[in-house]
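A short write-up of the structure that comes next.
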Amino acid sequence: MQRDIQNIVILTGAGVSAESGVATFRGPDGLWEGHRVEDVATPEAFARDPDLVQKFYDARRAKLRTVEPNAAHQALAKLDAHWPGDLLLVTQNVDDLHDRAGSKRLLHMHGELNSAWCLACDERSRFDGVMADDPACPHCQQTGHLRPDIVWFGEMPYQMERIELALAQCDLFVSIGTSGAVYPAAGFVQSARHYGVQTLEMNLDPSEGSFHFHESRMGRAGDLVPDWVAEILQDI
Ligand code: APR
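Quick note, the sequence shown lines up with residues 1191 to 1426 if you use the working numbering.
Listed below in structure tokens is the structure:
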């Protein structure tokens, strides 16, 4: 299969960061770090209780300083550095672990914890502080208008046209560490199949759309991804 592959699209989810100590979303208790998703990850929640939402994301942002990229992030960065064809790493993760591992052809479709979106001037700025303290927008200097640059439920993920085009033009779609519960990302495998693309899943357990993939490898991302990257780089 690998000999014919030139262009690759990779989708990652919370499972790729689990071994770094970042909590996944759908734990056995159905809660995300003690909160129901609709209390912290919707525009309605932010309108109702901005302080709770800001503090929730401030805590997630602060946590980033205590975690490091793992072997899966590092292997994907190595693939990015060496792969001669097109490659697009689409992550649903809002952490910065792919960035810190060195991935360059990277797109954060659900936003980033280290980005602030100013609702006054509509600019996005790098941000690693505390938003609940109501800091000034680094761009327009107004206070009281920053929100986490996170795509909440009910909002449109970023750069969907670019992702769809990359899926149409790739030869291999790889999904890593995602439960396949949240659309549109969960539907990328079906788009890929529609375009005749080879599909591979690597996850701890079968995702909701597991049956769509040509091949599923079950295990920890930190074990599976370095092995797969070594395999595919061997063939170039
Ligand atoms: N290696 C590989 N897979 C793992 C590992 C691991 N070490 N640990 C957990 N997993 C798998 C789980 O089995 C699960 O299928 O990763 C998946 C994580 O699923 P979710 O917690 O649902 O995370 P994700 O799919 O990224 O969620 C998608 O939902 O809440 C929204 O916007 C949020 O981006 C997020 C989206």
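Each residue gets a CB set at the ideal place from its N, CA and C atoms; glycine is no exception.
| query | Which residues in the same chain as VAL1176 place their Cβ atom closer than 8 Å to its Cβ, once the five residues preceding and following it in sequence are excluded? | reply | For the chain, the structure presents residues 1191 to 1426; residue 1176 sits outside this window and is missing.
| Alpha carbon to alpha carbon, what distance is there between PRO1338 and ASP1324? | Taking the straight line from one Cα to the other gives about 12 Å.
| message | In the DSSP output, which residue or residues are listed as bridge partners for ILE1200? | response | ILE1200 is bridged by DSSP to LEU1279 and VAL1364.
| said: What does the alpha-carbon distance come out to for the pair THR1281 and ILE1200? | reply: Approximately 8 Å, taken between the alpha carbons.
| Should ASP1285 go down as buried or exposed, given a rule of 16 or more other Cβ atoms within 10 Å for buried? | With 16 or more other Cβ atoms within 10 Å, it is buried.
| message | Using CA atoms only, rank isn't needed, just tell me which of PHE1317, GLU1209 and LEU1309 is closest to ASP1248. | response | Residue PHE1317 holds the alpha-carbon nearest to the alpha-carbon of ASP1248 among PHE1317, GLU1209 and LEU1309.
| said: Using CA atoms only, rank isn't needed, just tell me which of ALA1376, PHE1343, LEU1362 and ARG1352 is closest to PRO1233. | reply: PRO1233 has its Cα closest to that of PHE1343, out of ALA1376, PHE1343, LEU1362 and ARG1352.
| So what does DSSP say about SER1406, is it helix, strand or coil? | Collapsing the DSSP output to three states places SER1406 in a strand.
| Cutoff 8 Å; reference SER1315; Cβ partners in own chain excluding five residues on either side | Answer for SER1315: SER1305, ALA1306, CYS1308, CYS1327, PRO1328 and HIS1329, listed in chain order.
| query | Using the C-alpha atoms, what's the distance from GLN1424 back to ASP1417? | reply | If you take the alpha carbons of ASP1417 and GLN1424, they lie about 11 Å apart.
| query | Which residues mark the beginning and the end of the beta strand (DSSP E) in which HIS1298 is found? | reply | HIS1298 -> beta strand (DSSP E) spans 1296-1298.
| message | Less than 8 Å between C-beta atoms, sequence neighbours within five positions excluded: which residues of the same chain meet that for GLN1283? | response | The displayed chain sequence assigns Asn, not Gln, to residue 1283. Annotation for ASN1283: THR1202, GLY1203, ALA1204, VAL1206, SER1207, VAL1212, HIS1298 and HIS1300 place their beta carbon closer than 8 Å to its own, counting only its chain and skipping 5 residues before and after.
| request: Measure from the alpha carbon of CYS1360 to the alpha carbon of each residue in PHE1378, ALA1371 and TYR1373, then state which is nearest. | output: Answer by Cα proximity: PHE1378.
| field | Proximity to GLU1421 [Cα-Cα], best of GLU1258, HIS1272 and ALA1358 | value | Nearest to GLU1421 by alpha-carbon distance, out of GLU1258, HIS1272 and ALA1358, is HIS1272.
| message | For ILE1198, count the other beta carbons within 10 Å of its own beta carbon; 16 or more makes it buried, fewer makes it exposed. Which is it? | response | Buried, by the Cβ-count rule.
| task | Could you check how far apart the C-beta atoms of VAL1257 and SER1210 are, in whole angstroms? I think they sit under 8 Å. | result | Contact between VAL1257 and SER1210 is confirmed by a C-beta separation of about 5 Å, below the 8 Å threshold.
| message | Distance check for ALA1237 and VAL1419, CA to CA, integer angstroms please. | response | Just so you know, the alpha carbons of VAL1419 and ALA1237 end up roughly 43 Å apart.
| Nearest residue (CA-CA) to VAL1364, options ASP1312, ALA1382 and PRO1374 | VAL1364 has its Cα closest to that of ALA1382, out of ASP1312, ALA1382 and PRO1374.
| field | 7 Å CB neighbourhood of MET1191 in its chain, flanking five on each side removed | value | Note on MET1191: pLDDT 49, under 50, position unreliable in the model; the coordinate value appears next. Excluding residues within five positions, the ones whose Cβ falls inside 7 Å are GLN1388.
| task | With a 10 Å radius around its C-beta and 16 neighbouring C-beta atoms as the bar for buried, classify GLU1351 as buried or exposed. | result | Around the CB of GLU1351, fewer than 16 other CB atoms lie within 10 Å, so the residue is classed as exposed.
| task | Report yes if the C-beta of VAL1372 is less than 7 Å from at least one heavy atom of the ligand APR; otherwise report no. | result | Result yes, Cβ under 7 Å from the ligand APR.
| request: Identify every residue that forms a DSSP beta bridge with ASN1260. | output: According to DSSP, which records beta bridges pairwise, ASN1260 is partnered with nothing at all.
| message | Comparing C-alpha positions only, which one of ARG1255, HIS1288 and TRP1222 sits nearest to PHE1246? | response | Checking every option, the nearest Cα to that of PHE1246 belongs to TRP1222.
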